[in-house]
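Protein chains in written order, with the numbering used here: chain E, 74 to 499; chain H, 74 to 499.
In this text, a Cβ means the ideal position worked out from N, Cα and C, and glycines have one as well.
Just so it is clear, the structure is predicted and the values come from calculations on it, not from any experiment.
Remarks on the structure that follows.
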């Protein structure tokens, strides 16, 4: 029977879950997978935490050096996060000939080329299924299930925190602040929620997923990013009336005009399978030119779901001697060869606060028409205070034209303000 | 660059799609996958069909012998279907040292052990992603994405024909016969629809998927099977009113009482992600003890979706020299060691046609209670002709008790007939 020794760097939530699965299921893996995987050591500053999890004292390493010289360690699991020590430790592990399994999306999004070069040089494995969408095998699917396809688009709800917040705003009518507070109370959002609510976390994941989908390195600098902090519950409610659900989507498209990659709040039609992905669930919807639509759905975070992805990588590495790398056509150190779209097209939801008087709608719709933005639906709601809300849904048009239109509208005396602008994906 | 030569056995719908993808995308695969895959020959009785697809005459083989002695052929794709010549051809290919990729669920469900033994003996690959759920990488997910999990349940809409029929019955109020006719007109159902509508196709797939999920061979003989031909549109309509959608599900559960595997019409709650899988789409919902819920969704059939799965196997086989086999704990030739559940538990929807008179409901509910079947919801509809329909939803209880209850009810003078009995999965 094949054997593999594992070191776990970091025993936080995911590290703890990984330790638990690996130790409790050793016999199960021997039976079902034909491999004997043992945790040989852990690296965790908080020794008490390690002991609480049941790690023997002799297996608590005191430095990364101790880990990488340990001949019993074949696979190093990095679940520290961030790009500080995690980067140093991962590079040391790779350069010491250890296979690395990581859940670190930020590290991967920012330093993929460095890591992959080291892995190739040392002929070791580098696995990162847990970096995106927790326990859902989306990396495996992109690497080994979709090769026959030119992938046309990827659309994902790839951040559970913001999906929880948006679900609560829609279902309970809460404001953003109220929903955030509840998410923090439940441990779905951190005390400083910036990485989630401003879309950085989703940006890292979209960078990784779209790089794999489009076979070229998509750097985070190429991803347009907009978070959910500016979302008004009124827009969620108006959208609902029109048959849309608001989601923070990571969107990647490979079009004739180039690649477009963006993270922003998006209305999806209620019959889109992404619309019913609620709470902290995640989902990724792909369109391939051969397979058509496929969608993967599941838990994007948490000790055991993410631990499940890590352990699936560990078992894979333990069973097989061949390593797969991304092998982008374009040099993974950069994207000079990748053509990015300068503009993109979408449908738009626009909400204006206007003077409640005759002829306003005509003037406004005239402005849209002047900019070649075609309107598909309009709704006007009198507020009873001399103002009205005008909701406009456009046909597909270029974002640049919509922005020009909105800038012009803002100068009209009858328009008090542009209250909301949300892109729509059917 | 690695090279691989492919032979395609059978140029029907899926064979044609596979040929098209492999030939049109040769350069794409060289660039993105680093492999040069060429179609070296095809075996197809209908030479005209082969020529129409663009196959050069020199590449049209006239016998399986010609294919397996061809030194340029590394990978044999079998898309003939059935267990006649397909079985013979696949065995010849394997025993000649060729890797086999197949979409043949019936062959795999019935002769897996024979095929796998031959592949192991000859140290060649045996891939079958396309056998279940078309282009959705469910086999890959079970083999390489869920290893960390004891899989507790698998529930799938794994037959597109029946899902199309049930969707139309629900949305348009059509009868089974009307929906079947339309499905045949559109090419979703065959002239003889038995394999689909009686659940045989789903049984083959459930046998394969649950074998992988539970790490033990589940033979088709162990799968309880019930098709959709007896479905009354009234039951779909009553279920709808109560918040349920009717689906033909393949259900596998690994419980303390043993494994239960069954294919039958099932009501799922409308907020279950399976409820919104409509038309000819398929989906598989898994629960793992670590990962929790995950679901994969996509096209279960068709030239290009199934071709996509076949080609992903071909590319995988072309790129890698290691082969993965199922490696069940229990001998895959049988399941003597597998404990199967003798009975199972579920919630039930029951519809009775009864005499519309006072005291009937009390008598009927008394009969349920006498058999320890607890009722959660009752609805009585007077038909105005002296009869009434009584709809009963039970709490979770053993199927054996429900059957006993129904048998007793049938003997009551007040009960004209048991009109419908549908199992419910939340």
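Contacts with chain E at 7 Å (Cβ-Cβ) include residue 365 of chain H. Its Cα nearest to that of residue 234 of chain H, the residue H/265 stands out among H/265, H/210 and H/209.
The three-state reading of DSSP puts residue 327 of chain E in strand, counting E and B together.
Apart from sequence neighbours up to five positions away, the residues of its chain that approach residue 468 of chain H with a beta-carbon distance below 6 Å are 447 and 449, ordered along the chain. Under DSSP, the beta-bridge partners assigned to residue 200 of chain H are H/174.
Counting of Cβ neighbours within 10 angstroms places residue 228 of chain H among the buried residues, the total reaching 16 or more.
Residue contact check for residue 456 of chain E against chain H: no CB pair falls below 7 Å. Of the residues E/388, E/395, E/484 and E/462, the one whose Cα lies closest to the Cα of residue 74 of chain E is E/388. Looking at the DSSP output, residue 426 of chain H shares a beta bridge with H/462 and H/490.
Not flagged as an interface residue toward chain H: residue 355 of chain E, since no C-beta distance is shorter than 7 Å. In this structure the region 102-112 of chain H does not lie against the region 469-478 of chain E, because fewer than three pairs of beta carbons, one per stretch, are closer than 8 Å. DSSP assignment within the region 362-391 of chain E yields the following whole beta strand (DSSP E) runs of 3 residues or more, N-terminal first: 365-372. Close to residue 125 of chain E, with beta-carbon spacing below 7 Å, lies no residue of chain H; the smallest spacing is near 20 Å.
Secondary structure note for residue 262 of chain E: it is in no alpha helix (DSSP H), with a DSSP letter that is neither H nor E. In this chain, the alpha helix (DSSP H) harbouring residue 239 of chain H covers 233-245. Within the region 359-388 of chain H, 361, 363, 364, 365, 366, 367, 368, 369, 370, 371, 372, 377, 378, 380, 381, 384, 385 and 388 place their CB atoms closer than 7 Å to a CB of chain E, listed in sequence order.
Within the region 298-356 of chain E, the runs of alpha helix (DSSP H) that reach at least 4 residues and sit entirely inside it are, in chain order, 306-314. For residue 80 of chain E, the enclosing beta strand (DSSP E) begins and ends at 75-82. Contact of residue 209 of chain H with chain E by beta-carbon distance below 7 Å involves 367. Classified as exposed, residue 100 of chain H has fewer than 16 neighbouring CB atoms from the shown chains inside 10 Å of its CB. The beta-bridge partner set that DSSP reports for residue 287 of chain E is empty. Within chain H, 98, 101 and 105 have C-beta atoms less than 9 Å from the C-beta of residue 223 of chain E, given in sequence order. Residues of chain E with a Cβ closer than 8 Å to the Cβ of residue 394 of chain H are, in chain order, 395. Residue 289 of chain H and residue 478 of chain H do not touch by the CB rule: their CB atoms are close to 33 Å apart, not below 8 Å. According to DSSP, residue 359 of chain H shares a beta bridge with H/227 and H/367. Between residue 343 of chain H and residue 336 of chain H, the alpha-carbon positions lie close to 20 Å from each other. A straight line joining the alpha-carbon of residue 441 of chain H with that of residue 474 of chain H spans about 9 Å. A residue is called buried once 16 or more other Cβ atoms fall within 10 Å of its Cβ, and residue 456 of chain E, having fewer, is exposed. In the three-state scheme derived from DSSP, where H, G and I count as helix and E and B as strand, residue 269 of chain E is classed as helix. Those residues of the region 74-86 of chain H placed with their C-beta closer than 7 Å to a C-beta in chain E do not exist. When the Cα atoms are used, residue 202 of chain E and residue 221 of chain E turn out to be separated by approximately 20 Å.
Burial of residue 106 of chain E is indicated by the presence of at least 16 other C-beta atoms within 10 angstroms of its C-beta. Per the C-alpha coordinates, the member of H/432, H/250, H/396 and H/243 positioned closest to residue 316 of chain H is H/243. Interface annotation, residue 94 of chain E: in contact with chain H, CB-CB separation under 7 Å.
For residue 349 of chain H, the nearest beta carbon of chain E is closer than 7 Å to its own beta carbon. With respect to residue 452 of chain H, residue 437 of chain H sits apart: the two C-beta atoms are not nearer than 7 Å.
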